[in-house]
Each structure stands twice: as C-alpha cells, then as structure tokens.
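Residue numbers (our numbering): 415 to 733.
Note that beta-carbon positions come from the ideal geometry of N, C-alpha and C, so glycine has one too.
Worksheet: the structure to be examined is printed underneath.
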C-alpha cells in the first residue's frame, strides 16, 4: 500500500500512474509538503508501534534520526543520486528491457552493434565499455553504462539502417509476414517503430550529455531536464514498461539549481571508497572490531589536532 501510493517523496504520483505521460511532466506535479512529513514523523516517534505502522501506511513516513537535524527537510534535503538514477537504472533499462528484451535488437542487429563497438578505439584512461554492449550481459558498472550511452545511438544507427536510413516501419523478424502475423502485431503493446525508438534514444542521449557536464548553467539545466522529460514521455506514449526511477529523474532540475553540476554530488567517489573498504584486509577481525579500531584512531587524530590548535591559540594570547 505504502509503495503504491507513496512511490515518490517529492509529489503525489502513485505507482500505477507510471503508464501516463503526466506522471513525467514536471509542470503538472502536485508537490508534497516536507513539513507535513516531519509532523507525522515526530508523531510516529512518540506513538505506539501500532499507531506508527498506521502512520506509515496512511502518510508514507517513518521517524528517522535524520529528522532531528536542523534544516533537514524530507524530499528536499535528500537527493536522487544522478549515478544510480541515470547510469545505473535509466540507461540500463533502456538497453536491457526496452530495446533488447522486447526484441528491438534482433540477432542481426546485435551482430552489427557488436561489430561497431569492436571497431572503436576506446581510450582506456576514460573508462571501459560493457562486456556485451548489444545485450548488456554480465555485471556492468555505472561508469560502463555512462561510456556506452555516449556512442550508443551511433551503434543503433549502424544496426538498424538500410541504405543509410532507418526504415519507418514496425520491427518484424519476418520480412514477408502473413495475414495472421499482421493481426498479431495489433496485440503488441509497445510501439515497435525503429525510427521513433532511434529518435527518442538520440534525444535521451543529448539530455544525459547536458546533465552530466562538469560545467552547466541554469538554462542548460532547464534544456537538459526538458529533453529528458520529453524522451521519457515519448517512451510512455509508446507503451514502454518504465520503472519508478524514470519518474524520479523528472525531479532532478531543482537539485541541479540547488547543488550545481552533477559531478559535484553524484556518488562515484563514495562507491569507489566503498570498494577500497570492501577489499581492506581485516586479518580475520570481524564483528566491527576493525571498524571500531579505525574509528578510535580517527577520533584520536582529530582530538590531537584540536589540542594542538588550542595550545597554539593560548601561546598567541600570551604573546
């Protein structure tokens, strides 16, 4: 119930509205009041367990220690991570679900796509491409999806083009369909027009390129978010299956205006540090023992620095 009616903490869009274009139109959002979240969060804190569960079910909020922070506002202070949203979900869903799983990239198109990417000279200093670009198979990292989307539309053109143009007809495995095949096409829910899919991918790629720039102006934020919304709305109109992250992506514009360029607040750096910590040799010390030792060492260094600064200040005052 809660995830159905409280899918988004920014607006009142429910989960079942993911099939409607207005769910991805920021001009038609009815935003939630973050102060109302806080009110019910503190009521849940002081209530019994049964009442707290009822508040969670009917108001979509639970108490968190973060609510005690000054100037903390749910849906305003909490950001939708650009890395997981765009690279880890939208691009991945586009390649794996919308295009490949629905048969838009058939065997021949996949072969051409692989040939295109294998012919590229890709600078290893930038990143690396996914192990199978045509299918997105294997364990793929967000930075690999990020690298792929920059040239993916070119590969799609090479895979779909016939005599230099993408045919404006439905994707069909049989070039000479029978009457029964033609009638079966009418039951397909997703629009299978190669040209519409390609145009939408190009627009989506352009929006990603704008929004992930290291330098961006408010006008560019507006342009990039508008293009992203239009691409998502086109997929909805084409009856493509979308996940909640596509809706959360339409709330990125206020985050850019508050926090600046995406590379300043995406979580690539945090994920890399998590990898360092995950590979750290604990020498068999588990159960938080190693973490406690590291934390005590950090506090020791911090307190020593505070002591040195305090002693330095006292010496300056005596002089």
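- Look at the beta carbons and you see the stretch 479-499 touching the stretch 666-673: at least three pairs across the two are nearer than 8 Å.
- In this structure, the beta-carbon distance from residue 446 to residue 426 falls below 8 Å.
- Counted as a single uninterrupted DSSP element, the stretch harbouring residue 508 is not any alpha helix (DSSP H), since DSSP gives it neither H nor E.
- With respect to the C-alpha of residue 480, the residue from 472, 650, 490, 473 having the closest C-alpha is 490.
- Rounded to whole angstroms, residue 428 and residue 477 show a C-alpha spacing of 22 Å.
- The three-state secondary structure of residue 440, taken from DSSP, is helix.
- In the structure shown, residue 494 adopts coil according to DSSP, grouped into three states.
- Under the three-pair Cβ rule at 8 Å, the stretch 536-547 counts as touching the stretch 557-575.
- At a Cβ-Cβ threshold of 8 Å, residue 609 and residue 582 count as neighbours.
- Nearest to residue 487 by C-alpha distance, out of 451, 509, 442, 474, is 451.
- Taking 8 Å as the cut-off, the Cβ atoms of residue 652 and residue 605 count as close.
- Apart from the 5 residues on each side of it in sequence, residue 461 sits with its Cβ closer than 8 Å to the Cβ of 469 in its chain, given in chain order.
- Annotation for residue 647: 435, 438, 439 place their beta carbon closer than 8 Å to its own, counting only its chain and skipping 5 residues before and after.
- Straight-line spacing of the CA atoms in residue 556 and residue 483 works out to 31 Å.
- In this chain, the alpha helix (DSSP H) harbouring residue 610 covers 608-625.
- By the criterion of at least three beta-carbon pairs nearer than 8 Å, the stretch 507-521 is not in contact with the stretch 680-691.
- Residue environment for residue 560: buried (at least 16 other C-beta atoms within 10 angstroms of its C-beta).
- The C-alpha of residue 681 lies about 28 Å from the C-alpha of residue 534.
- DSSP places residue 563 in the helix class (H, G or I) of the three-state scheme.
- Non-local beta-carbon contacts of residue 448 in its own chain, meaning distances under 7 Å to residues more than five positions away in sequence, involve 487, 488, 489, 490 in chain order.
- Positions of the alpha helix (DSSP H) runs, each at least 4 residues long and wholly inside the stretch 691-724, cannot be given because no such run exists.
- Residue 614 and residue 643 do not touch by the CB rule: their CB atoms are close to 12 Å apart, not below 8 Å.
- Non-local beta-carbon contacts of residue 657 in its own chain, meaning distances under 8 Å to residues more than five positions away in sequence, involve 432, 503, 507 in chain order.
- For residue 517, the closest of 634, 725, 603 by C-alpha to C-alpha distance is 603.
- For the pair residue 422 and residue 625, the CB atoms are not nearer than the 8 Å cut-off.
- Rounded to whole angstroms, residue 722 and residue 475 show a C-alpha spacing of 45 Å.
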